[in-house]
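Just so you know, the protein sequences line up as chains A and B, in that order. With this note's numbering, letter number 1 in the first sequence gets 1, and the count goes up by one each step, no holes. With this note's numbering, letter number 11 in the second sequence gets 1011, and the count goes up by one each step, no holes. All C-beta atoms in this analysis are idealised placements derived from N, C-alpha and C, irrespective of residue type, glycine included.
2 protein chains.
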Amino acid sequence: MVIGIDLGGTKITGAVFDRKGTVLCKQSALLERRQGAEAGALVREIIAQLIALHGAEEEHIAAIGICVPGIANSKTGKVWAPNIAGWEDYPLQQELEASFRTAQVHIASDRTCYILGEAWKGAAQDCRNALFIAVGTGIGLGILADGRVLHGHGDIVGATGWMALETPYREEYATYGCFESHASGNGIARQAQRICEENRLFKESVLYRTTPTSITAQDVFHAYEQNDPLAAYVLNKAITMWGMASANLVSLFNPEKILWGGGVFGHAIRFLSRIYEEACRWAQPVAIKQVRFEVSQLGGDAGLYGAGRLALMNVE
Amino acid sequence: MVIGIDLGGTKITGAVFDRKGTVLCKQSALLERRQGAEAGALVREIIAQLIALHGAEEEHIAAIGICVPGIANSKTGKVWAPNIAGWEDYPLQQELEASFRTAQVHIASDRTCYILGEAWKGAAQDCRNALFIAVGTGIGLGILADGRVLHGHGDIVGATGWMALETPYREEYATYGCFESHASGNGIARQAQRICEENRLFKESVLYRTTPTSITAQDVFHAYEQNDPLAAYVLNKAITMWGMASANLVSLFNPEKILWGGGVFGHAIRFLSRIYEEACRWAQPVAIKQVRFEVSQLGGDAGLYGAGRLALMNVE
C-alpha cells in the first residue's frame, strides 16, 4: 500500500493505492493561498487523513510519492515551487520523513509524474519510450526513455519551453524561452496582447475591443472559433512551434508516443493533426514513422497516478 | 577480457581490453571499399587476429563490442551503415555469434560508442549525464542520461542533425534536416556552394575562384582564416546553429558536460567559446550554469574505447 499526493498550484489531492494501482480512497483540499510551512502542514494533514480514512496503520504505508508543481532536488529533498510563496527551497522530504517514519518519501516534478502516470495507467501503458508535453501557463516535458523517467544532473530535465526554434533572438526569450514565448498559455496571451498594443493590422479582430493586458489564452481560442484573424495568426504560429518542438523530441528521443496535455491543451486538441503534419516536415524521417501523437488519457489525474507510481516503483 | 571493434567508413580498428580498460593489443586494417559480406569477413578476421596476437584462447573473450558507422537494431542484431555498400540491413550480430560461439556480441551506433568511450576513459569520466555532439559529414548525438546510454524505441535516438532551429522551412531540410543543412561538414560546404552559384554578394571571396560544386568544408575553414567574407558568413551561421542546438540539449537533458568532436570539429574548436555564448542566450538559465562545453578527449579513439566499454558493461 502506498500514498500518492498531487500538489497543484491551487489544490492538493491524495489517494491510497494498492500494488495494482487501484485507488482505495481519495481526499482533496484547496490550498487557499497557504504559504511556506502552512502548505507543508496541509500535505501532512491530507496524508494523515488518508491513513485514517482507509483505516490503515501508518506502518502499512510503504511509501509516499509527491507530485510537485516545480522542481524536486533529489539530493537535498527540497522543493522549488514558484506558485507557493516560501517554497523556493522547501524541505518537504525531510518534513514528511520526520512525520511518517516508516514510509519512504519520493518527490518528483509534475512533468515527470505526468508521464509516469500515463505509462502506468494511461495512454503510454506498455511504452518504454514516451513523452508528455504539458502545455499550461508554461511548457514542460516528462521523459520516459528506455523504461526509466529521466532526471538529469540537477533534476531539471525537460525544460522544453526553453527550446530555441527561430532566429533572430528576441528579448522576451531571456525571460520565457523561445518555444514558451510563442506556444504556452501565457505566451499565446502575450503574443495577442503585443499585437493589440503595437499595431492594428487585423482591423476586424474582436480582441481589439478588450484592454490588451487583460487578454487571456482562452480569449484567443474563443476568438479563433469565430474566425478572428488576429487569433488565427497567433495560433497558427503556435501550431508551427508545437510541430517543430515535437519534431525535435522525435529526432532526439525516438519515442513510441508523444502525449499532449496540460491546461491549455484542452483547447488545442483540435490542432493535433496539424501539429503532427508540421512535425512530419522537420523530424528524422524514420523516427517520425515510429511515433504516435495522442492526447493525455488521465487528464487532471495524471499527476496523482504518477505520484502513486513514483511511490510504488521505489518499493517494488 | 573483451574485444572492442571500431568499424569506421574507411578503416577498422580493434583492441583487446582488460577489465580496467587497458589496451592489451591493437590491430587495424583498411576497409578498401569492401562491400556486404566481404566487410563482415574483415571484421571477423580482425577479431581472430586480435585473439591470436594476444595469445588467448577464444573462450577467454567474454564479449565483443562493435561500434558501427550507422544504426544497430538491438532487436534483430542487424546493421544499417550507409557508407558500406550492401549494409542496409546486415546481419552482423548473427554472423559474429556464429563465428565466436562463447562470446556475447553487442553492437551500437558510433554516436553512442563515442559517449560511452568518453564516459569511461575520456572527458566525461564520473559523469552520469553527458552528451557527445559528433560533427562530421553529418551530425549525431550520443546520450548518457542518469548513468545509461539511451537507445530509444527503434535504436535511433540522437538524430540531432534533424533538429528544427529556424523558420521558414526550406526544401533542403527534407533531405538533410535543418541543423545539419547549416552546420555539418557537408552542410557548411553546401551553403558555400549555394552562395557561389546563386549570387556574388561577397565579391572579394577566394571561394569564387573554385568550381562551386568542388568546395569542401575544409576550404571554407581555410578561407575563414584569411578573413574571407563568404566563409565568415557561412561559419557565423553555423556557430549560431551550434549554439541554439546545444542550448536545446542543455534545456532538455540537463547534462554536466557537452563534448564536441567529429571530423569537422577539429577546425571548429576555435569557436567553442562563441558557441557557448550563443547557447547561454537560449538555454534554460539554471541548466546552462550546470554544464561545461569541452572538446572530445579521446578524439579518433572514442569509438574504439566505446566499443570496449560496450562489451565490458554487458558482462559486468
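If the cut is a Cβ gap below 8 Å, which residues of chain A does residue i touch?
i          : result
Tyr-1169/B : Arg-281, Trp-282
Pro-1255/B : Gly-152, His-153
According to the Cβ coordinates, are residue i and residue j closer than 8 Å?
i          : j          : result
Glu-256/A  : Ala-130/A  : yes
Gly-9/A    : Asn-73/A   : no
Ala-1232/B : Asn-1254/B : no
Ile-1195/B : Leu-1230/B : yes
Gly-1306/B : Gly-1147/B : no
Ala-56/A   : Gln-104/A  : no
His-106/A  : Ala-311/A  : yes
Val-1016/B : Leu-1042/B : no
Val-220/A  : Leu-201/A  : no
Gly-1138/B : Asn-1186/B : yes
Ala-1189/B : Ala-1223/B : no
Arg-115/A  : Phe-132/A  : In the sequence on display, residue 115/A carries Ile and not Arg. Against a cut-off of 8 Å, the Cβ pair of Phe-132/A and Ile-115/A comes out as a contact.
Val-135/A  : Ala-52/A   : no
Gly-1243/B : Trp-1282/B : yes
Val-1206/B : Asp-1228/B : yes
Ala-1192/B : Ile-1215/B : yes
Ala-315/A  : Val-23/A   : A small correction: the amino acid at residue 315/A is Val; Ala does not occupy that position in the sequence shown. The answer is no: Cβ separation not under 8 Å.
Leu-252/A  : Leu-1252/B : yes
Ala-85/A   : Gly-70/A   : no
Gly-266/A  : Lys-121/A  : no
Which chain B residues sit within Cβ distance under 7 Å of residue i?
i         : result
Gln-125/A : Within 7 Å Cβ-Cβ: nothing; Gln-125/A doesn't reach chain B, min ~15 Å.
Thr-240/A : Thr-1167
Residue i touches chain A at which residues, Cβ-Cβ below 7 Å?
i          : result
Met-1163/B : Asn-248, Ser-251
Met-1244/B : Ala-164
Cys-1178/B : Trp-282
Chain B partners of residue i, CB-CB under 8 Å?
i         : result
Ala-145/A : Ala-1145, Leu-1150, Gly-1152, Val-1157
Thr-160/A : Ser-1251, Leu-1252
Asn-129/A : Gly-1152, His-1153
Tyr-173/A : Arg-1281, Trp-1282
Our contact map puts residue i next to residue j with C-beta atoms below 8 Å; I'd like the distance itself, whole angstroms only.
i          : j          : result
Cys-1127/B : Gly-1303/B : That pair is no contact at about 18 Å.
Gly-1065/B : Gly-1004/B : 5 Å
Gly-140/A  : Trp-87/A   : Contact doesn't hold; Cβ gap of about 17 Å is too wide.
Ala-1124/B : Leu-1144/B : 7 Å
Gln-1290/B : His-153/A  : 6 Å
Phe-1100/B : Glu-1058/B : 6 Å
Asp-1110/B : Val-1068/B : 7 Å
Quick one: list the residues of chain B neighbouring residue i, beta-carbon separation under 9 Å, in chain order.
i         : result
Val-286/A : Ile-1071, Gly-1154, Ile-1156, Ala-1159
Residues of chain A with CB under 9 Å from residue i, in chain order?
i          : result
Gln-1290/B : Gly-152, His-153, Gly-154, Ile-156
Using a Cβ-Cβ distance cut-off of 8 Å, determine whether residue i contacts chain D.
i          : result
Pro-1285/B : Note that chain D does not occur in the displayed structure, where the protein chains are A and B.
Worksheet entry | Touching by the beta-carbon criterion (3+ pairs, under 8 Å), the stretch 252-265 of chain A and the stretch 295-314 of chain A | yes
* Asked: Looking at C-beta atoms only, is the number of pairs between the stretch 1152-1166 of chain B and the stretch 1174-1191 of chain B that lie closer than 8 Å three or more?
  -> yes
task: Scan the stretch 1050-1120 of chain B and note each continuous alpha helix (DSSP H) run of 4 residues or more that stays entirely inside, going in chain order.
output: 1092-1099
Worksheet item: Can you find at least 3 beta carbon pairs, one from the stretch 1025-1035 of chain B and one from the stretch 1044-1051 of chain B, that sit closer than 8 Å?
Response: yes
Evaluate contact between the stretch 239-246 of chain A and the stretch 264-278 of chain A, counting only Cβ atoms and requiring at least three cross-stretch pairs below 8 Å. yes
As an exercise, report each continuous alpha helix (DSSP H) stretch of at least 4 residues that is fully enclosed by the stretch 1245-1314 of chain B, in chain order. 1265-1268, 1272-1282, 1285-1289, 1302-1313
- Query: Is the stretch 1090-1097 of chain B touching the stretch 1204-1214 of chain B, taking contact as three or more C-beta pairs under 8 Å?
  - Reply: no
*Completely contained alpha helix (DSSP H) runs for the stretch 1172-1206 of chain B, where each covers 4 or more residues*: 1173-1176, 1178-1183, 1185-1198
Ranges of the alpha helix (DSSP H) found wholly within the stretch 25-54 of chain A, counting only runs of at least 4
36-54
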